[in-house]
Every structure is written in C-alpha cells, then in structure tokens.
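Peer 1: Pasting in a structure now, in structure tokens, and then I'll have a few things to ask.
Protein chains: 2
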Amino acid sequence: MQRIANLLAVQNDQVLLLQKPRRGWYVAPGGKMESGESIYEAAVREFHEETNVTPLDVHLKGVYTMVIKNGEQVIDEWMLYTFVARGVKGTPFKETREGKLAWHPVGELQTLPMAKGDRTNLLFAAHQKGTQYGTFEYTEDFELISEHIQSSIE
Amino acid sequence: MQRIANLLAVQNDQVLLLQKPRRGWYVAPGGKMESGESIYEAAVREFHEETNVTPLDVHLKGVYTMVIKNGEQVIDEWMLYTFVARGVKGTPFKETREGKLAWHPVGELQTLPMAKGDRTNLLFAAHQKGTQYGTFEYTEDFELISEHIQSSIE
Numbered sequence: 001m002q003r004i005a006n007l008l009a010v011q012n013d014q015v016l017l018l019q020k021p022r023r024g025w026y027v028a029p030g031g032k033m034e035s036g037e038s039i040y041e042a043a044v045r046e047f048h049e050e051t052n053v054t055p056l057d058v059h060l061k062g063v064y065t066m067v068i069k070n071g072e073q074v075i076d077e078w079m080l081y082t083f084v085a086r087g088v089k090g091t092p093f094k095e096t097r098e099g100k101l102a103w104h105p106v107g108e109l110q111t112l113p114m115a116k117g118d119r120t121n122l123l124f125a126a127h128q129k130g131t132q133y134g135t136f137e138y139t140e141d142f143e144l145i146s147e148h149i150q151s152s153i154e
Numbered sequence: 001m002q003r004i005a006n007l008l009a010v011q012n013d014q015v016l017l018l019q020k021p022r023r024g025w026y027v028a029p030g031g032k033m034e035s036g037e038s039i040y041e042a043a044v045r046e047f048h049e050e051t052n053v054t055p056l057d058v059h060l061k062g063v064y065t066m067v068i069k070n071g072e073q074v075i076d077e078w079m080l081y082t083f084v085a086r087g088v089k090g091t092p093f094k095e096t097r098e099g100k101l102a103w104h105p106v107g108e109l110q111t112l113p114m115a116k117g118d119r120t121n122l123l124f125a126a127h128q129k130g131t132q133y134g135t136f137e138y139t140e141d142f143e144l145i146s147e148h149i150q151s152s153i154e
C-alpha cells in the first residue's frame, strides 16, 4: 500500500502550491514515502526535493485513507499524510518536471482548481487547530464520490 | 501493508492496558484497520471491540513506521497509529481471548514488560504535548534494533 506525504507551506499569508500539468490542478508538494522512513522525514524530504526549500516548524495536520473505486469495487487504497509548515528557508524552484511552483494568497485555497478532497485537507491545514482524519473515495478519474471526516484537538 | 491503530486510555492517572498471553507483555488495545476506515474510526472501533468501553476525547499522538528485519533484509513493514483518550465510558472486560485487561497507575508505563518501542510511544502519548513520528526497527523476535523519533507541537 502506498503512503504519500505532502506539505503545505504557509508564509506571509501565502501558500506554496504546485500546479500539475495534466489537469492544471494545484497540490501541496509531496510524494511517496520510502521504506523505513517516518512520515515526518518523508514529508520534509519530498517537499525539499520538489521545491528546493526547507520547511520550518513542520507539524502533521491530517491523515487520510484514500480509496479509488469502480462502482462497488475497490481499485486502489493508500494513506495520505498532510503536514503544514509555518515558513520556509530558501527560494523555491519556479518550474520542475512535476509542474509549476508559486506562492498564492492563502484565500485562493477556496477557489484554485484541485481535487475536492485536497481542498478539504488544505483548508484544514491552513486554518484549523488540531488534527483531521478521514476517508476520501474517488472514481478512477478522480471525481470525489464521498468524504467522511473526523477531527480532534489536543 | 498493514495499518494498526491502538489507543491508550488515561483516566484518574491510570491507563487501561492489555496483557498479551504469549510473552506477558502489555499493550494499548488496538488492531488492524479495515479497508476504507479512517485511522480514527479504526482506533475507536478496535478499542471498543477489545475492551467493551467507549473512549472519550480521542486524539492522535503518534504515527510510526514499523520495520521487521533479518540482518539487512526487510521482512515486514507496517504503520502504527497511536491515539490517546482522556477518559472512557463503560466498564472494561476483565479478560478476552486477546489477554487480560486492567487499569494500571500511569507511572507503571515505565516498568511494565512491553516492546521497547511501545514504551516510547505510550510514554509520549500519556505525558507529552504534540505529535510524535518515527521508525522502529525490530528483529523477527521483536527485539528493538533501532528507533528514530521526531516530534512537533502545533
């Protein structure tokens, strides 16, 4: 089962997002965990590899069960770990083979094109206290079928 | 890849632990996530199934990458999600086919026999603020080879 870690960097009321070429959708930089990594190590490493910057004050905001379905059949299932960083050190790449990187006003998380579940995750990471949990079911074409969310505050 | 969720219930300076028959080691009640569950749902369900009580004020405290090694070879790898609950509703089972359930003074987390990594997790869950991340490497006989820990506070 895949484990994906991504990270939303927030600095001066802006967020660093990657625009993927295929659909033009925006994502928080991240990628696949490697064997033996912790989710924290994976999020920091993947973010640095994709952006060239070091995230500061990194904290886990969400753990999500991602399910791809074709009708009632589960096609794929993986775990997504979403972190936030309250600042970065360094200057991000402008473009990589993964897509275009840029800072956006945090308010644009409401409107930029992205997977529906990602908007839920990223708005929580940017604005809410505590930790979010949930399951997102998508079609193979990445249309959201359902989301079930829980959250807690320490 | 397996995903295991467990939960440490803390109430009146006591913790509810399960003593497993095989080695006599103590664990926080939990078990395997099912397809499509969130980690939160899995922790609450497994805890209730194993103890007969409902955990209150449930919050994620740690996410751990668990690796079983034989020499340099990785034999197995799974994810462990450790939650805390600040109280419970109901009266726990005394004994189940999983082992013996009992409340213990929270200080006994320091001394009760358990897997070394579990002590790290449970002491953090009981006493520390924030979220812990890390990787535990064990032998097939569940001797700890290494632990690498990170943590963060919101």
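Protein chains in written order, with the UniProt record's numbering: chain Y, 1 to 154; chain B, 1 to 154. All C-beta atoms in this analysis are idealised placements derived from N, C-alpha and C, irrespective of residue type, glycine included.
(1) Taking all protein chains shown into account, do 16 or more other C-beta atoms lie within 10 angstroms of the C-beta of Asp-141 of chain Y, making it buried, or fewer, making it exposed?
(2) Tell me the start and end of each unbroken beta strand (DSSP E) in the UniProt domain "Nudix hydrolase" (1-127) of chain Y that is at least 3 residues and wholly inside, in chain order.
(3) Does DSSP classify Phe-136 of chain Y as helix, strand or coil?
(4) Provide the residue span of the beta strand (DSSP E) that contains Glu-143 of chain Y, from first to last.
(5) Buried or exposed: which applies to Leu-39 of chain B, given that a residue is buried once 16 or more other Cβ atoms fall within 10 Å of its Cβ?
(6) Please determine if the segment 22-29 of chain B and the segment 45-52 of chain B are in contact, where contact requires at least 3 C-beta pairs separated by less than 8 Å.
(7) Under 9 Å, do Ile-4 of chain Y and Met-79 of chain Y count as touching if we go by C-beta distance?
(8) Considering only the alpha carbon of each residue, which of B:Pro-21, B:Val-15, B:Ala-9 and B:Gly-134 lies closest to Glu-95 of chain B?
(9) Which residues in chain B have a C-beta closer than 9 Å to the C-beta of Glu-37 of chain Y? List them in chain order.
(10) Taking Cβ positions only, does Gly-130 of chain Y come closer than 9 Å to chain B?
(11) What's the C-alpha gap between Arg-23 of chain Y and Tyr-64 of chain Y?
(12) Does any C-beta atom of chain B lie closer than 9 Å to the C-beta of His-104 of chain Y?
(13) I'd like the list of long-range same chain contacts for Gly-107 of chain Y, defined as Cβ closer than 6 Å, with 5 residues on each side in sequence excluded.
(14) Does the Cβ-Cβ distance between Lys-116 of chain Y and Ile-153 of chain Y come in under 9 Å?
(15) Report yes if the CB atom of Leu-7 of chain Y is closer than 9 Å to the CB atom of Pro-55 of chain Y, and no otherwise.
(16) Find the nearest neighbour of Asn-121 of chain Y within the set Y:Gly-62, Y:Met-66 and Y:Glu-41, judged by alpha-carbon distance.
(17) If I measure Cβ to Cβ from Leu-144 of chain B and keep anything under 8 Å in the same chain, skipping five residues before and after, which residues do I get?
(18) Just the Cα atoms here: how many angstroms apart are Ala-42 of chain Y and Val-67 of chain B?
(19) Does chain Y have any CB closer than 9 Å to the CB of Tyr-40 of chain B?
(20) Should Leu-7 of chain B be flagged as near chain Y, meaning a C-beta pair shorter than 9 Å?
(21) So Glu-154 of chain Y contacts chain B; which residues on that side make the cut at Cβ distance below 7 Å?
(22) Taking 9 Å as the CB-CB cut-off, is Val-53 of chain B touching chain Y?
(23) For the segment 8-28 of chain Y, which residues have a beta carbon sitting closer than 9 Å to at least one beta carbon of chain B?
(24) Determine the direct distance from the alpha carbon of Arg-45 of chain B to that of Gln-110 of chain Y, and round the result to whole angstroms.
(25) Can you find a CB in chain Y that lies within less than 9 Å of the CB of Arg-3 of chain B?
(26) Taking Cβ positions only, does Glu-46 of chain Y come closer than 9 Å to chain B?
(27) Just how far apart, CA to CA, sit Gln-11 of chain B and Glu-98 of chain Y?
(28) So with Cβ pairs under 9 Å, would you call Tyr-138 of chain Y a contact of chain B?
(29) Straight-line CA distance for Asp-57 of chain B to His-59 of chain Y?
(30) Closest to Trp-25 of chain Y by C-alpha separation, out of Y:Tyr-133, Y:Glu-34, Y:Ile-149 and Y:Leu-101, would be which residue?
Peer 2: According to the data block:
(1) Position 141 of the first sequence, counted from the start, is the residue given in the question as residue 141 of chain Y. Exposed: under 16 other Cβ atoms inside 10 Å.
(2) 3-11, 14-19, 30-32, 58-70, 73-85 and 99-105, all fully within the UniProt domain "Nudix hydrolase" (1-127) of chain Y.
(3) What you label residue 136 of chain Y is simply residue 136 of the first sequence in a count that begins at 1. DSSP places Phe-136 of chain Y in strand when its eight states are reduced to three.
(4) Translated into the one-based positions of the first sequence, residue 143 of chain Y becomes position 143. Taken as a continuous stretch (DSSP letters only), Glu-143 of chain Y belongs to no beta strand (DSSP E), as it is neither H nor E.
(5) Taking the second sequence and counting its residues from 1, one reaches residue 39 of chain B at position 39. The amino acid at residue 39 of chain B is misidentified as Leu; the sequence shows Ile. Counting the other CB atoms within 10 Å of its CB gives Ile-39 of chain B a total of 16 or more, which places it among the buried residues.
(6) Yes, the segment 22-29 of chain B is in contact with the segment 45-52 of chain B.
(7) Your numbering for residue 4 of chain Y matches position 4 in the first sequence. Your numbering for residue 79 of chain Y matches position 79 in the first sequence. Between Ile-4 of chain Y and Met-79 of chain Y, the C-beta gap is smaller than 9 Å, which places the two residues in contact.
(8) Position 95 of the second sequence, counted from the first residue, corresponds to residue 95 of chain B. Out of B:Pro-21, B:Val-15, B:Ala-9 and B:Gly-134, B:Pro-21 has the C-alpha closest to the C-alpha of Glu-95 of chain B.
(9) As a working mapping, residue 37 of chain Y is identified with position 37 in the first sequence. Going along chain B in sequence order, the residues near Glu-37 of chain Y (Cβ under 9 Å) are Thr-65 and Thr-135.
(10) Locating residue 130 of chain Y in the first sequence gives position 130, where the first residue counts as 1. Gly-130 of chain Y counts as touching chain B.
(11) To locate residue 23 of chain Y, count along the first sequence from 1; it is residue 23. To locate residue 64 of chain Y, count along the first sequence from 1; it is residue 64. Straight-line Cα distance between these residues: approximately 22 Å.
(12) For the purposes of this step, residue 104 of chain Y is taken as the residue at position 104 of the first sequence. Not closer than 9 Å to any Cβ of chain B, the Cβ of His-104 of chain Y fails to qualify, so no.
(13) For the purposes of this step, residue 107 of chain Y is identified with residue 107 of the first sequence, where counting begins at 1. No residues qualify anywhere along the chain.
(14) Residue numbering aside, residue 116 of chain Y sits at position 116 when the first sequence is read from its first letter. Residue numbering aside, residue 153 of chain Y sits at position 153 when the first sequence is read from its first letter. Not a contact, by the Cβ cut-off of 9 Å.
(15) Your numbering for residue 7 of chain Y matches position 7 in the first sequence. Your numbering for residue 55 of chain Y matches position 55 in the first sequence. Against a cut-off of 9 Å, the Cβ pair of Pro-55 of chain Y and Leu-7 of chain Y comes out as a contact.
(16) If you number the first sequence from 1, residue 121 of chain Y lands on position 121. That would be Y:Gly-62, whose Cα lies nearest to the Cα of Asn-121 of chain Y.
(17) Along the second sequence, one-based indexing puts residue 144 of chain B at 144. Result list for Leu-144 of chain B: Ala-115, Lys-116, Gly-117, Phe-136, Glu-137 and Tyr-138, in chain order.
(18) Here residue 42 of chain Y refers to the residue found at position 42 when the first sequence is read from its first residue. Here residue 67 of chain B refers to the residue found at position 67 when the second sequence is read from its first residue. Their Cα atoms are separated by approximately 15 Å.
(19) Reading the second sequence from its first residue, position 40 is the one you call residue 40 of chain B. Chain Y contact via Cβ: present.
(20) The residue labelled residue 7 of chain B in the question sits at position 7 within the second sequence. No, because no Cβ of chain Y sits closer than 9 Å to the Cβ of Leu-7 of chain B.
(21) Position 154 of the first sequence, counting from 1, holds the residue named residue 154 of chain Y. Within 7 Å Cβ-Cβ: His-59 and Lys-129.
(22) Residue 53 of chain B sits at position 53 when you count from the first residue of the second sequence. Chain Y contact via Cβ: absent.
(23) Flagged: no residues at all.
(24) If you number the first sequence from 1, residue 110 of chain Y lands on position 110. If you number the second sequence from 1, residue 45 of chain B lands on position 45. Cα-Cα distance, rounded: 33 Å.
(25) Working through the second sequence from its first residue, we reach residue 3 of chain B at position 3. Interface residue, yes.
(26) By 1-based counting over the first sequence, the position of residue 46 of chain Y is 46. With 9 Å as the cut-off, Glu-46 of chain Y does not count as an interface residue toward chain B.
(27) For this step, residue 11 of chain B is matched to residue 11 along the second sequence. For this step, residue 98 of chain Y is matched to residue 98 along the first sequence. Cα to Cα, the separation comes out at about 48 Å.
(28) Translated into positions along the first sequence, residue 138 of chain Y becomes position 138. No, Tyr-138 of chain Y does not count as interfacial toward chain B.
(29) Stepping through the second sequence from its first residue, residue 57 of chain B is reached at position 57. Stepping through the first sequence from its first residue, residue 59 of chain Y is reached at position 59. The alpha-carbon atoms of Asp-57 of chain B and His-59 of chain Y are separated by roughly 20 Å.
(30) Against the first sequence, residue 25 of chain Y aligns to sequence position 25. Taking only the C-alpha atoms, the option nearest Trp-25 of chain Y is Y:Leu-101.
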